[in-house]
Amino acid sequence: SPQGARSLSLKSGATMQSSMLGNTRAFQAQRVAVARPSRAAVPTIENRVSLRFQRFGRKKSPFYRLVAIESKDRREGRPLEYLGWYDPMKKETNLKAPEIKKWISNGAQPSDSVRSLLQKAYVIEPKAVRVEVPKDAVKMP
């Protein structure tokens with residue numbers, strides 16, 4: 038029958054196609070073992086502690102708490118320790134200087150705005166002001 042011939046030709050076409058390809062598993066992706074360095078050889082980088090502000094207060098009336106917090110945590114994350122507060126509207130601060138110095142001596146990194154506030158409050162040493170002297174003002178012997 039003609040229908041039987043068609044089905045036979047389809048089967049023979051499929052077998053011919055698979056015989057041309059051979060083993061189809063050879064084309065599948067194989068996992069490759071990659072040599073990884075041991076954990077002992079790779080230095081682990083611990084999260085650093087940073088001193089930064091957490092914003093509180095209402096809209097257009099900011100109020101900041103100075104906190105010691107893991108550097109990877111979000112701004113409103115849970116702090117390790119509260120170190121004081123800063124009210125920019127009233128220009129008032131209340132800082133726990135001994136605790137701040139302890140955190141900085143242990144490697145905590147203050148943010149730029151916190152560093153500026155701590156320098157103004159003389160909790161940490163202010164940067165030395167660089168004085169520019171004109172070259173013609175200094176006479177060489």
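Per the working numbering, the sequence shown starts with residue 38, numbered consecutively.
Note that the Cβ used here is the ideal one computed from N, Cα and C, for glycine as well.
Identity of the residue in 87, 128 and 116 nearest residue 98 by Cα
For the residues 87, 128 and 116, the minimum Cα distance to residue 98 belongs to 128.
For residue 134, name the three-state secondary structure that DSSP assigns.
Of the three classes helix, strand and coil, the one that applies to residue 134 here is helix, per DSSP.
Leaving out the 5 sequence neighbours to the left and right, which residues in its chain are closer than 6 Å to residue 50 when beta-carbon positions are compared?
Caution is warranted here: a pLDDT of 49 is assigned to residue 50, below 50, making its placement in the model unreliable, and the coordinate value is therefore given only provisionally. There are no such residues.
Going by C-alpha distance, which of 101, 96, 115 and 100 is nearest residue 86?
115
Roughly how many angstroms lie between the CA atoms of residue 145 and residue 173, to the nearest whole one?
43 Å
Please state the DSSP three-state secondary structure of residue 88.
Residue 88 falls in the strand class under three-state DSSP.
Select from 163, 165, 162 and 152 the residue whose C-alpha is nearest the C-alpha of residue 123.
152
Give every residue of the same chain whose Cβ lies closer than 6 Å to the Cβ of residue 121, excluding the five residues on either side of it in the sequence, and list them in chain order.
These residues qualify, in order along the chain: 103, 131, 132 and 133.
Could you pull the DSSP bridge partners for residue 98 from this structure?
When beta bridges are read from the DSSP output, residue 98 appears opposite 95.
Tell me whether residue 105 is buried or exposed, calling it buried when 16 or more other Cβ atoms sit within 10 Å of its Cβ.
buried
With H, G and I counted as helix, E and B as strand and the rest as coil, what does DSSP make of residue 161?
coil
So who's on the other strand from residue 104, going by DSSP bridges?
89 and 119
Among 170, 136 and 171, which residue has its Cα nearest to the Cα of residue 155?
Comparing Cα-Cα distances from residue 155 to each of 170, 136 and 171, the minimum goes to 136.
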